[in-house]
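Heads up: the structure comes next, in structure tokens.
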Amino acid sequence: MTDTRIQRGQKWLEELLKLMKVPAMVKAQKGEAQAELADPEEPEEAASYWLTIDETHLSRTQIQALIGEEGHTLDAIQYLVNAILNMGKEHEEQAAYTVELDGYRVRRQAELLALAEYAIQQVRTNGQEFEMKSLSAAERRQIHTFLKEFTDVESYSRGKEPDRRLVVRRR
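Residue numbers (my numbering): 17 to 187.
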């Protein structure tokens, strides 16, 4: 089977940007498995691609608008890419797409890892649960995946959207 998923993602995102009258190209590349994007019901070995919006010809205002407050707009675009391009596809035709712009995803991942490490430290020090607020579902999955490496702590989600929280506690 020829892998057309990467081209499908690139073309779809470029068309969306064109419709939004945003003069940007998209660079597509195969990525490592992105646990934070995977559907918890699907096997983790789904193909993963990074769709990076080229900000060369974008103004700072356009970049900020595409990322949105706390990354909400970029998250919404990423959700649409994944939902629309995987709809009705057999599992082997599906893919996990990460939409990146201006290094936002890389910076946010570093922030999330620092937050997870802080939570571990707090739980180990005082033995009490540590609750994380204001995380998207994808961010919660990313932290859950990171925390699986530690045998002395566990994580779970509590509450309902939009007030769902990630909780870290001792095992």
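For glycine and all other residues, C-beta sits at the position ideal for the given N, C-alpha and C.
With contacts defined by Cβ atoms closer than 7 Å, residue 135 and residue 97 do not form a contacting pair. Per the C-alpha coordinates, the member of 166, 171, 149 positioned closest to residue 181 is 149. Runs of the alpha helix (DSSP H) lying entirely within the segment 61-87, each at least 4 residues long, are 76-83 in chain order. Unbroken alpha helix (DSSP H) runs of no fewer than 4 residues, entirely contained in the segment 87-157, are found at 88-102, 120-142, following chain order.
Comparing C-alpha distances from residue 67 to each of 175, 101, 117, 85 shows the shortest one belongs to 117.
A contact is defined here as three or more CB-CB pairs under 8 Å, and the segment 72-80 fails this definition with respect to the segment 102-109.
Annotated as distal: residue 80 and residue 128, with beta-carbon spacing of 7 Å or more. By the beta-carbon neighbour count (other beta carbons within 10 angstroms, threshold 16), residue 122 is exposed.
Residue 180 sits in coil when the DSSP states are folded into three classes, being neither helix nor strand. Beyond the five residues adjoining it in sequence on each side, residue 91 comes within less than 8 Å, by CB distance, of 84, 152, 154 in the same chain, given in chain order. In the three-state scheme derived from DSSP, where H, G and I count as helix and E and B as strand, residue 187 is classed as coil. Per DSSP, the continuous alpha helix (DSSP H) segment holding residue 31 begins and ends at 21-35.
When the five nearest sequence neighbours on each side are left out, the beta carbons in the same chain lying within less than 7 Å of the beta carbon of residue 22 are those of 44, 46, 65, in order along the chain. With respect to the C-alpha of residue 120, the residue from 146, 71, 173 having the closest C-alpha is 71.
The residue from 139, 88, 33 with its alpha-carbon nearest to that of residue 163 is 139.
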